[in-house]
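A short write-up of the structure that comes next.
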Amino acid sequence: MSRVYARYRQRGDEEESFGEVTEDGRGHYGRALLEVEDLKVHFGSHRHPIRAVDGVSFTVYEGECLGLVGESGCGKSTLGRAVLRLEPATAGRVRYGGSDVLRIEGEALQRYREKAQMIFQDPYGSLNPRLTIGGALTEVLTVHKRGHRRERRAMAEALLDSVGLDAAYMDRYPHEFSGGQRQRIGIARSLAVNPSLLIADEPVSALDVSVQVQILNLLKDLQRQHGLTYLFVAHDLAVVRYICDRILVMYLGRIVESGAAERLYARPAHPYTQALLTSVPDVDRGLQSRGSGRRRAVLKGDVPSPSVEIKGCPFHTRCPHATDECRARTPSLRTVAPGHQVACHYAERFLGPAEGVGAVEALGDASPSVG
Ligand SMILES: Nc1ncnc2c1ncn2[C@@H]1O[C@H](COP(=O)(O)OP(=O)(O)O)[C@@H](O)[C@H]1O
Ligand code: SF4
Ligand SMILES: [Mg+2]
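Numbers given in our numbering equal positions in the sequence shown, counted from 1, plus 81.
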């Protein structure tokens with residue numbers, strides 16, 4: 082059996098134990114709820130593929146909030162949609178409850194689609210403008226055969242109440258609500274079928290910062306009350322830090338770094354994560370500030386098109402530390418410390434002096450200088 086390390090979240094001077102990380106570098110929150118293995122989603126043709134998701138593996142543990150971050154176009158939404166079978170996968174496996182959900186059909190797929198729900202950035206787009214909110218919620222309950230006909234209105238009112246909306250809103254139409262209220266309605270609709278896993282795709286990106294905090298707090302409360310597990314997609318690292326236990330950093334369809342949220346903020350090892358942290362303005366208007374105070378390279382240019390294959394490290398075209406080795410050889414995602422994985426040839430050096438000293442020495446002359 083692998084040794085288990087205690088993991089700590091820094092809160093000022095306090096250190097609070099909040100979980101464990103196994104020696105194999107994976108989070109240890111209990112049972113694995115969702116296991117994604119080498120998932121690929123390619124668009125375009127076989128000869129000219131657009132590699133939106135290009136071999137992604139990770140596990141979501143029961144009860145955790147796993148963040149998925151990266152710039153726009155990195156493949157986050159495609160990954161979330163493929164996991165929920167809203168987008169066909171090109172290759173790979175997605176295990177939930179013992180079966181590969183990419184290969185189930187009929188009733189089994191219907192059950193999975195109840196257990197795993199999506200929360201969208203713009204719930205307005207998925208709400209029927211001609212249906213009242215009460216009507217929309219009772220429709221979901223009817224489709225999924227929840228409760229008896231007479232009970233459904235009361236169930237819909239209870240759902241609204243659980244997301245902080247008054248039952249008086251039942252007879253109003255989507256256009257009568259603010260962005261924050263619509264997101265609450267979207268969350269209520271997802272909760273109608275008692276899901277275990279919620280994939281939230283940038284659920285607060287379109288909202289004002291003060292409203293963002295309210296929705297994030299609601300999601301946290303609901304997670305506690307219902308024992309929910311989240312895969313939380315965002316491009317804003319301050320938002321992810323506020324709500325997530327662990328983080329996956331995605332670049333050009335691949336995971337380039339993963340680890341406990343506080344660890345990644347304190348000691349990011351991949352130049353892309355470091356640049357993302359620098360690029361994000363401190364959000365202390367209600368959300369926790371990054372507060373790192375360190376100077377790092379700011380991310381320049383856009384994510385390259387996934388239709389053009391990049392030899393070597395996918396980040397080398399934008400990385401300030403790229404070497405000939407980076408341009409020639411693709412780094413694999415490897416464990417650099419318990420619970421911390423990085424896909425960079427020089428991760429130990431970027432991680433700083435406290436860990437991986439031996440590995441830095443082993444790099445020899447090929448290692449770049451880091452200022
Ligand atoms: N249906 C599609 N057809 C072709 N390309 C697509 C399709 N959906 C997404 N893409 C491309 O896949 C890449 C990843 O997109 P997406 O998953 O939306 O990224 P993100 O959510 O991180 O912004 C982008 O380059 C996007 O243009
Ligand atoms: S492998 Fe090279 S190009 Fe890629 S992130 Fe590391 S230093 Fe940069
Ligand atoms: Mg997206």
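All C-beta atoms in this analysis are idealised placements derived from N, C-alpha and C, irrespective of residue type, glycine included.
Because the structure is a prediction, the values reported are computed rather than measured.
Would you mind reading off the limits of the beta strand (DSSP E) that contains residue i?
| i | result |
| --- | --- |
| D282 | 278-282 |
| S339 | 335-341 |
| D119 | 113-125 |
| R327 | 327-332 |
| D135 | 130-142 |
| V384 | Careful: V384 lies outside any beta strand (DSSP E) and carries neither H nor E. |
| R348 | No beta strand (DSSP E) contains R348, which DSSP labels as neither H nor E. |
| L312 | 310-315 |
| R415 | 415-418 |
| H229 | Note, H229: premise wrong, no beta strand (DSSP E); not H, not E. |
| V423 | 421-423 |
| V389 | Element bounds for V389: n/a, residue is neither H nor E. |
| L149 | 146-150 |
Considering only C-alpha positions, which residue in the set the options is nearest to residue i?
| i | options | result |
| --- | --- | --- |
| R270 | E152, R348, N209 | N209 |
| A197 | A163, S207, A133 | A163 |
| Y332 | M251, R430, I391, D203 | I391 |
| Y205 | E118, G245, L120, G260 | G260 |
| Y323 | V337, L299, C407, E429 | L299 |
| D289 | A239, Q262, Q355, R348 | Q262 |
| G267 | G178, P255, P419 | P255 |
| V417 | C400, R430, A409 | R430 |
| Y193 | D135, R234, L212, V274 | V274 |
| I336 | P284, L278, L149, H129 | L149 |
| D135 | V141, E143, L345, F124 | F124 |
| V122 | L115, T398, P130 | P130 |
| A342 | D119, L329, Y353, R112 | L329 |
| S180 | L115, C407, G144 | L115 |
| C325 | G334, S153, Y311 | Y311 |
| R176 | V384, D405, L278 | L278 |
Buried or exposed for residue i, please, with buried defined as at least 16 other CB atoms from any protein chain shown within 10 angstroms of its CB.
| i | result |
| --- | --- |
| D282 | buried |
| G372 | Confidence in G372 is poor, its pLDDT being 41 and thus under 50, which makes the residue's placement unreliable; the coordinate value appears in the next sentence. Exposed, by the Cβ-count rule. |
| K226 | exposed |
| Q306 | exposed |
| H421 | buried |
| E186 | exposed |
| A315 | buried |
| E232 | exposed |
| Q264 | buried |
| L432 | buried |
| R376 | A caution first: R376 carries a pLDDT of 42, below 50, which makes its placement in the model too unreliable to give a value. |
| H426 | buried |
| Q202 | buried |
| D302 | exposed |
| K381 | exposed |
| H402 | buried |
| D317 | buried |
| T354 | buried |
| S158 | buried |
In terms of residues, what are the limits of the alpha helix (DSSP H) holding residue i?
| i | result |
| --- | --- |
| S291 | 290-307 |
| K157 | 157-164 |
| I268 | 260-272 |
| M236 | 233-243 |
| I324 | 318-324 |
| F431 | 428-432 |
| R408 | 405-409 |
I'd like to confirm something about residue i: is its beta-carbon nearer than 7 Å to some heavy atom of ligand 2, or not?
| i | result |
| --- | --- |
| C394 | yes |
| P349 | no |
| A356 | no |
| H426 | yes |
| H397 | yes |
| N404 | In the sequence under discussion, the amino acid at residue 404 is Thr, which differs from the Asn named in the question. Yes; taking the cut-off as 7 Å, the Cβ of T404 has a heavy atom of ligand 2 nearer than that. |
| N352 | Per the sequence shown, the amino acid found at residue 352 is Pro instead of Asn. Correct: P352 has its Cβ closer than 7 Å to ligand 2. |
| P385 | no |
| C407 | yes |
| P210 | no |
Give a single yes or no on whether residue i has its beta carbon closer than 7 Å to a heavy atom of ligand 3.
| i | result |
| --- | --- |
| D282 | yes |
Given the structure, does residue i come close to ligand 1, in the sense that its CB is under 7 Å from one of the ligand's heavy atoms?
| i | result |
| --- | --- |
| K157 | yes |
| S153 | yes |
| A133 | yes |
| P401 | no |
| F139 | no |
| F313 | no |
| F124 | yes |
Using a Cβ-Cβ distance under 8 Å, would residue i count as near chain C?
| i | result |
| --- | --- |
| A239 | The chain inventory of the structure shown lacks chain C, comprising one protein chain alone. |
Unbroken alpha helix (DSSP H) runs of length 4 or more, entirely within the segment 169-213: which are they? 187-196
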